[in-house]
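Colleague: Heads up: the sequence shown is residues 105 to 448, going by my numbering. Just so you know, even glycine gets a beta-carbon here, dropped at the ideal spot from N, CA and C. Owing to the predicted nature of the structure, the values given are computational and were not obtained by experimental measurement. Before I ask anything, let me first share the structure, which is written out below as structure tokens.
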Amino acid sequence: MAKILMVDDGISFDGNSLEQGPLGGAETAFISLANSFSERGHEVLIRNNCSRAMKKNNIDWAPLENGVPDHCDLYIANRSDKLLTLSCDSRAVVFWIHNPAQYLLKFRYLTKIWSRKPVIVFSGNFHANSYPNWAPDGGRKIVPYGISEEFVKVEPIGTIPEPKAIFTSNPLRSLSWLLGIWKDYINPQMPNAELHIYSGAATYGELGSSQKGQMQLILDEARAMGNKNVCLHDPIPKKPLADVLSRSRVLPYRGDPGETFCLAVGEAQAAGLPVVVQDIGCVAERVINGKTGFVTGNDEEFSNATLKLLRDDKLWRRNHEMSLKLQRNWGWNDAAAEFEGLIG
């Protein structure tokens, strides 16, 4: 059994946040990894901006402002360079990042990485390639996000769903673009198809609050498209979201160069939902083109692929079944095992 210390200085969340949701991707990943470490028998301590100390799933949560333990076996600094300077004696140090790594190429980051020499953990090849070879590190490792059990274990409905598309990501990540695609291409050719949007600022905590105005403009645009069968919903926790995904027909999502994994796509695929993306950022790594959905090169290809999955029952069934077969094979237990291997 190892003593694992995980530290974050971003938005406030705690051991209850995952089940109470909704929750952003990086926070979901952080809690899910901690839970898997605990399930694997480790002593897990989290120090972050939680409002109070608590015990949850045998994990010790406490406010970061109260300090960190003097010693651990594995120290995971999440996102922030400031966490690399905390004086915790550790057998292994990990710097777990969740955004494209160009932001690390600033003097204040590079000096801390050079001094502490952490193993930098990336979420995929696209992510790893965003950090140049000349930049300092104590090692580099790719560990994809796990997919939560709610999505891996959700039961398929067993029937062909109605032609309902779904969007579950940040509204600032090309939702306005998707609404244009829906209005100009998809709705005119298939007026009975529906687009259901589960999105909003609540998922992103304090960050969402700061961007609420921008998000609201796009959500208002969606709300005004009720005559195009666009339905706007509040974001929901993981378990009911998994049920909604399993009853949908397709997740059309353009992709965003600022993403490094895209849990929205990974969760949909694990729930058996075919996905259509463009080859932007990391999302092409989440979809097996022609088997679990489509990776497209332009707006026309994107629209046509979405329409095919909404219309063609046999095509949908093949992609649905392959998603269930191929996209449920990596969970947080697997990710935790990869992190454990860094302890040495």
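1) Would you check if the distance between the CB atom of Gly330 and the CB atom of Met319 is smaller than 8 Å?
2) Return the first residue and the last residue of the alpha helix (DSSP H) that Glu123 is part of.
3) In this structure, does DSSP put His146 in helix, strand or coil?
4) Excluding the 5 residues flanking Gly312 on each side, which residues of the same chain have their C-beta closer than 6 Å to its C-beta?
5) In whole angstroms, what is the alpha-carbon distance linking Pro260 and Ser278?
6) Would you mind sorting His202 into buried or exposed? The rule is 16 or more other CB atoms within 10 Å of its CB.
7) Where Asp174 and Asp193 are concerned, what is the direct C-alpha to C-alpha distance, given to the nearest angstrom?
8) Could you check whether the region 341-353 touches the region 361-377, counting it as contact only if at least three pairs of C-beta atoms, one from each stretch, sit closer than 8 Å?
9) Which runs of the beta strand (DSSP E) fall wholly inside the region 292-374 and span at least 3 residues, in chain order?
10) Report the rounded CA-to-CA distance for Arg358 versus Ile290, giving the unit in angstroms.
11) What's the gap between the Cα of Glu254 and the Cα of Lys343?
12) Alpha carbons only, please: which of Leu214, Gly362, Ala138 is nearest the one belonging to Ser273?
13) Can you tell me which of the three DSSP states Leu190 falls into?
14) Please report the straight-line C-alpha distance between Ser191 and Gly114, rounded to a whole angstrom.
15) Using 8 Å for Cβ pairs, my map puts Asp112 next to Asn170. What's the rounded Cβ distance?
16) Which whole-angstrom value describes the C-beta separation of Glu477 and Leu283, a residue pair presumed to lie in contact below a C-beta threshold of 8 Å?
17) Relative to the C-alpha of Leu209, which candidate in Trp200, Ser227, Tyr235, Trp420 has its C-alpha closest?
Modeller: By the coordinates alone:
1) Position 226 of the sequence shown, counting from 1, holds the residue named residue 330. Position 215 of the sequence shown, counting from 1, holds the residue named residue 319. Result no, Cβ atoms of Gly330 and Met319 do not sit closer than 8 Å.
2) On the sequence shown, residue 123 is found 19 positions in, with the first residue counted as 1. Start and end: 121-124.
3) Translated into positions along the sequence shown, residue 146 becomes position 42. If DSSP states are grouped into helix, strand and coil, His146 belongs with coil.
4) The residue labelled residue 312 in the question sits at position 208 within the sequence shown. In this predicted model, Gly312 has a pLDDT of only 47, less than 50, meaning its place in the structure is not dependable; the value taken from the coordinates is given anyway. Within the same chain, Ala305 come within 6 Å of Gly312 by CB-CB distance, once the 5 residues on both sides are set aside.
5) Indexing the sequence shown from 1 puts residue 260 at position 156. Indexing the sequence shown from 1 puts residue 278 at position 174. Their Cα atoms are separated by approximately 28 Å.
6) Within the sequence shown, numbered from 1, the residue matching residue 202 stands at position 98. His202 comes out buried.
7) Walking along the sequence shown from the start, residue 174 turns up at place 70. Walking along the sequence shown from the start, residue 193 turns up at place 89. Their Cα atoms are separated by approximately 6 Å.
8) A contact exists between the region 341-353 and the region 361-377.
9) The DSSP assignment places complete beta strand (DSSP E) segments of no fewer than 3 residues inside the region 292-374 at 298-302, 334-337, in order along the chain.
10) Here the question's residue 358 lines up with position 254 in the sequence shown. Here the question's residue 290 lines up with position 186 in the sequence shown. About 15 Å.
11) Within the sequence shown, residue 254 is the residue found at index 150, counting from 1. Within the sequence shown, residue 343 is the residue found at index 239, counting from 1. Using only the alpha carbons, I get a separation of about 5 Å.
12) The residue given as residue 273 occupies position 169 in the sequence shown. Minimum Cα distance to Ser273 is reached at Gly362.
13) The residue given as residue 190 occupies position 86 in the sequence shown. Looking at Leu190 - three-state DSSP - the assignment turns out to be coil, as it is neither helix nor strand.
14) For this step, residue 191 is matched to residue 87 along the sequence shown. For this step, residue 114 is matched to residue 10 along the sequence shown. Spanning the two alpha carbons is a distance of roughly 19 Å.
15) The residue labelled residue 112 in the question sits at position 8 within the sequence shown. The residue labelled residue 170 in the question sits at position 66 within the sequence shown. That belief does not hold up - the Cβ atoms of Asp112 and Asn170 are roughly 14 Å apart, past 8 Å.
16) One cannot answer for residue 477 here, as it falls past the ends of the chain, which runs 105 to 448.
17) Here residue 209 refers to the residue found at position 105 when the sequence shown is read from its first residue. Checked all of Trp200, Ser227, Tyr235, Trp420; the closest Cα to Leu209 is Tyr235.
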